[in-house]
Amino acid sequence: MNIFALTKLSYGMYILTSMDNDRPVGCTINTSAQITATPTTIMISVNRNNYTNECIKKYGKFALSILSEKSDSTLIGGFGFRSSRDNNKFENVDYEIKDGLPVIKAANAYLICKVIDSLEVHTHTIFIGELIDADIFDNEVSSMTYDYYYNVIKGTTPSNASTANAHKKEDKKEEAKQIKAVYKCKTCGFEYKGDIPFEDLPSDWKCPICGEPKSNFEKIS
Numbered sequence: 007m008n009i010f011a012l013t014k015l016s017y018g019m020y021i022l023t024s025m026d027n028d029r030p031v032g033c034t035i036n037t038s039a040q041i042t043a044t045p046t047t048i049m050i051s052v053n054r055n056n057y058t059n060e061c062i063k064k065y066g067k068f069a070l071s072i073l074s075e076k077s078d079s080t081l082i083g084g085f086g087f088r089s090s091r092d093n094n095k096f097e098n099v100d101y102e103i104k105d106g107l108p109v110i111k112a113a114n115a116y117l118i119c120k121v122i123d124s125l126e127v128h129t130h131t132i133f134i135g136e137l138i139d140a141d142i143f144d145n146e147v148s149s150m151t152y153d154y155y156y157n158v159i160k161g162t163t164p165s166n167a168s169t170a171n172a173h174k175k176e177d178k179k180e181e182a183k184q185i186k187a188v189y190k191c192k193t194c195g196f197e198y199k200g201d202i203p204f205e206d207l208p209s210d211w212k213c214p215i216c217g218e219p220k221s222n223f224e225k226i227s
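Heads up: the sequence shown begins at 7 in the working numbering, then just goes up one per residue.
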């Protein structure tokens, strides 16, 4: 079986948010779709280990901020490789509250839904939400796809993502091709493969995916 065929499915890049009492929480997901038109319903898939999953079940609502190709990639890492249980992911993020939920202003649009159904599927919960609000922040830039994130930004996928197995074989092939020193971020797994040797990067250089400092990288080859 060629598991790489899964990469031909189309995905987006989203910041999923909800509330933990009066505290905003969120995570990065790439699996969402519109299910019906009347009423308008939206599907999301969230790993059960994600604290945001637990908060959506309690709060009964979620917001989906749809990232654009010009959205800062550190949003993806900041929301995707840390837990809201122990971290304030909104500390340095520009957001606003809509219908009691945080939405990311650097996104090009947002959707707000109330949960009307859910289904537990192995490692993930599929939430079905009825759309109660939506708007566009930026209509000029294309929404970011997972393909853009992976092939242009060179981002990585957390092991608990719904699509974690899609690029596994390709990643191994790429690793085998490396002929120069490669440094890997301990937080998000981003591998630096730039033309400038890692040692020569400025001391204030940061991971383009999660924003961790240069000191958080380790040499892997």
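Backbone N, C-alpha and C fix where the C-beta goes; we use that ideal spot for every residue, glycine too.
Predicted model only: the values in this text are computed from it and were never measured.
For Thr58, the enclosing alpha helix (DSSP H) stretches over residues Tyr57 to Tyr65. For Phe85, the enclosing alpha helix (DSSP H) covers residues Ser79 to Gly86.
Under the DSSP assignment, Tyr152 falls in the alpha helix (DSSP H) whose first and last residues are Tyr152 to Asn157.
The Cβ atoms of Ile21 and Ser71 lie closer than 7 Å to each other.
Rounded to the nearest whole angstrom, the C-alpha separation of Ala172 and Ile142 is 30 Å. Judged by beta-carbon spacing, Ile134 lies within the 7 Å limit of Met49, meaning their Cβ atoms are closer than that value.
Residue environment for Val127: exposed (fewer than 16 other C-beta atoms within 10 angstroms of its C-beta).
Here Val147 is exposed. Its C-beta has fewer than 16 other C-beta atoms within 10 Å. The three-state secondary structure of Asp28, taken from DSSP, is coil. If one requires a minimum length of 4 residues, the alpha helix (DSSP H) runs lying completely within the stretch 71–133 are 79–86, in chain order.
Taking a contact as a CB-CB distance under 8 Å, the pair Ile62 and Val121 counts as one, their CB atoms being some 7 Å apart.
Ser90 is positioned such that its CB atom lies closer than 7 Å to that of Val31. Between the alpha carbons of Leu81 and Lys111 lies a distance of about 11 Å. Ranked by Cα distance from Gly66, the options Asp153, Ile202, Gly195 and Ile118 are led by Ile118. When rounded, the separation of the alpha-carbon atoms in Ile226 and Leu12 is 28 Å. A contact is defined here as three or more CB-CB pairs under 8 Å, and the stretch 98–114 fails this definition with respect to the stretch 49–60.
Between Ser51 and Ser149, the CB-CB gap reaches or exceeds 7 Å. Check the Cα spacing between Ser165 and each of Gly86, Lys190, Asp100 and Asn145: the tightest is with Gly86. Around the beta carbon of Asn145, fewer than 16 other beta carbons sit within 10 angstroms, so the residue counts as exposed. Of the candidates Asn56, Arg54, Asn114 and Asn53, Asn114 places its Cα closest to the Cα of Asp78.
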